[in-house]
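To start, the structure itself, in structure tokens.
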């Protein structure tokens with residue numbers, strides 16, 4: 093009882109950090125374990141604590157934020173951006189998530205922000221099974237007909253029970269209610285599923301007893317243990333002189349997964365020495381075969397041809413175990429049984445899949461980075477996978493487009509796209525990159541994905557005058573407000589970073605401010621006279637024009653000198 097309580101406590105309140113390793117400077121791999129069905133909102137890890145040894149090496153570890161790179165709107169696990177707390181975001185049902193696979197994990201990546209000091213953490217959360225399902229039979233009553241002449245040792249395959257749990261929580265054994273004539277033997281199919289065979293252990297006599305009702309129970313080894321049962325309704329029939337016999341008791345067939353529907357898999361040939369109806373054989377699947385077998389294969393009842401009825405997929409099911417029977421049409425016939433094991437052979441029928449994870453709001457196919465960012469700035473996270481096995485599933489990933497970007501492998505089939513140079517938006521504002529994933533199958537299959545990198549502007553260019561000194565002339569006795577000239581500066585930056593404002597810097601002429609002589613339009617650099625110039629009083633006016641952009645957080649400025657000569661007129 094104490095052991096059970098310890099298990100339950102571990103289930104509801106504990107997530108174990110299993111492993112933390114990687115010599116890559118970018119971060120580490122983190123493995124956790126949780127039990128399925130935990131309460132939504134339960135915290136399973138705190139990255140700020142688990143990766144503290146990495147964060148402490150960053151310039152400002154207290155300001156680091158965490159960003160989960162996951163696809164989908166409703167992730168099973170969510171990450172708090174401020175402290176890296178990983179919690180359960182939705183109900184996790186292991187059977188729904190991974191079915192009967194022994195290894196069941198949720199994997200995703202977390203990166204640190206800001207990306208100037210990028211750290212990548214690969215998170216793998218193993219979902220452990222709880223014993224929340226009982227073994228179940230598809231039929232509550234299993235009818236069986238046996239001839240009274242059946243020899244001791246005769247075997248009859250029985251319906252399998254199904255338990256979606258795994259490990260000790262899955263179906264472990266069968267038991268049969270006590271009797272003197274029948275026993276069972278538990279056997280294992282090629283796919284690991286367990287089933288029972290009914291064995292005749294004593295001679296049967298229909299006149300003494302014509303039927304039996306026995307309980308077949310399937311049990312797991314979970315805590316607490318769960319079980320399910322079905323009733324075997326056995327009818328004893330009169331003997332039939334001869335029963336059909338197969339050439340072989342079992343067959344093993346290799347089937348390419350791309351074999352077309354209608355492919356002949358096996359020509360069963362059972363013989364019966366009787367004549368007439370007693371010797372006419374009918375072929376069929378045994379009554380206990382699963383619906384999956386009936387959906388996938390077809391048997392000709394007269395000729396015994398086993399054909400493919402639905403195309404198979406190695407990535408879904410690697411083998412099938414089929415029980416067929418041959419029975420004559422005579423009275424009290426005893427069916428002969430044959431087992432067919434079909435092993436599906438993988439072919440290269442799946443293209444690699446590419447998943448590009450960008451930190452960009454809005455369009456998924458556009459990544460945004462700032463000009464001037466240092467080399468190795470994060471651009472995108474790329475994951476590739478191939479459902480095929482062996483060489484058919486091994487992938488080579490390449491990046492094409494521009495030498496300013498590089499592809500860096502982080503762990504198996506996962507890559508970072510980083511900058512390979514400091515970029516300048518004013519030279520080039522957009523790059524088109526192509527990712528190619530190609531498997532090693534024969535012939536090889538490949539997938540291509542494109543995405544765009546747009547370079548965001550920063551205020552890295554001051555306004556620029558074409559000349560450092562401008563000289564102009566104006567005749568004296570001008571009208572106040574007269575247009576003199578225009579000086580302009582250009583700024584290649586965008587938006588406010590490139591919006592130029594003009595001013596005349598303060599200086600004095602004969603004790604008076606320059607702003608009493610001339611003025612400048614701040615928006616376009618047009619210079620106007622504010623008074624009537626008199627050559628005999630001032631023959632030359634020199635002042636400095638400043639052009640300043642509206643950038644943030646720091647504005648940039650440049651100056652030019654304007655020399656204005658007053659031309660004499662015969663006015664005295």
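In the working numbering, the protein residues as written are 93 to 664.
Even glycine gets a Cβ: it sits at the ideal position worked out from N, Cα and C.
- DSSP places residue 285 outside any beta strand (DSSP E), giving it a letter other than H or E.
- Residue environment: residue 555 is assigned as buried (16 or more neighbouring CB atoms within 10 Å of its CB, all protein chains considered).
- Taking C-alpha positions only, residue 597 is separated from residue 641 by approximately 16 Å.
- Contact between the stretch 150-164 and the stretch 179-197 is absent, with fewer than three C-beta pairs closer than 8 Å.
- The beta-carbon distance between residue 143 and residue 213, rounded to whole angstroms, is 6 Å. This is short enough to meet the 8 Å contact definition.
- Restricting attention to 614, 574, 560, the CA atom closest to the CA of residue 651 is found in 560.
- For the pair residue 199 and residue 180, the CB atoms are not nearer than the 8 Å cut-off.
- The closest CA to that of residue 643, considering only 603, 588, 661, is found on 588.
- With respect to residue 478, residue 405 sits apart: the two C-beta atoms are not nearer than 8 Å.
- For residue 173, the three-state secondary structure derived from DSSP is coil.
- For residue 576, the closest C-alpha among the options 568, 431, 583 is that of 568.
- Linking residue 469 to residue 208 through their CA atoms gives a straight-line distance of about 6 Å.
- Cα atoms of residue 412 and residue 340: separation of roughly 18 Å, rounded to the nearest angstrom.
- In the DSSP assignment, residue 500 falls within the unbroken beta strand (DSSP E) covering 497-503.
- Scanning the stretch 416-472 from its first residue to its last, the whole beta strand (DSSP E) runs of 3-plus residues come out as 428-437, 445-449, 458-462.
- Linking residue 261 to residue 253 through their CA atoms gives a straight-line distance of about 14 Å.
- Counting the other Cβ atoms within 10 Å of the Cβ of residue 628 gives fewer than 16, which makes it exposed.
- A residue is called buried when at least 16 other Cβ atoms come within 10 angstroms of its Cβ; residue 367 does not meet this threshold and is exposed.
- Under the DSSP assignment, residue 384 falls in the alpha helix (DSSP H) whose first and last residues are 383-388.
- Annotation: the stretch 356-385 contains no complete segment of the alpha helix (DSSP H) (minimum length 4 residues).
- Annotated as distal: residue 496 and residue 524, with beta-carbon spacing of 8 Å or more.
- For the pair residue 357 and residue 434, the CB atoms are nearer than the 8 Å cut-off.
- Looking from the CA of residue 437, the closest CA among 350, 451, 393 belongs to 350.
- Just measuring C-alpha positions, the residue of 202, 219, 155 sitting nearest residue 506 is 202.
- Membership of residue 140 in the alpha helix (DSSP H) is indicated by the continuous run 139-142.
- The residues 291, 292, in chain order, have a CB closer than 7 Å to that of residue 245 in the same chain once the five nearest residues on each side in sequence are set aside.
- The beta carbons of residue 447 and residue 475 sit about 4 Å from each other, so the pair counts as a contact at 8 Å.
- Residue 365 counts as exposed, since fewer than 16 other beta carbons sit within 10 angstroms of its beta carbon.
- Leaving aside the five residues that flank residue 352 on each side, the residues in its chain whose CB is nearer than 8 Å to its CB run, in chain order, 400, 403.
- Within 10 angstroms of the beta-carbon of residue 300 lie fewer than 16 other beta-carbons, which makes it exposed.
- Rounded to the nearest whole angstrom, the CA to CA distance from residue 493 to residue 194 is 41 Å.
- Shortest Cα-Cα distance from residue 539 to any of 428, 239, 141, 489 involves 489.
- Taking every protein chain shown into account, the CB of residue 131 has fewer than 16 other CB atoms within 10 angstroms, so this residue is exposed.
- Within the DSSP secondary-structure output, residue 320 pairs in a beta bridge with 310.
- Between the stretch 456-465 and the stretch 370-389, the count of C-beta pairs closer than 8 Å stays below three; the two stretches do not touch.
- Using a 10 angstroms sphere on the CB of residue 558, the tally of other CB atoms stays under 16, which defines it as exposed.
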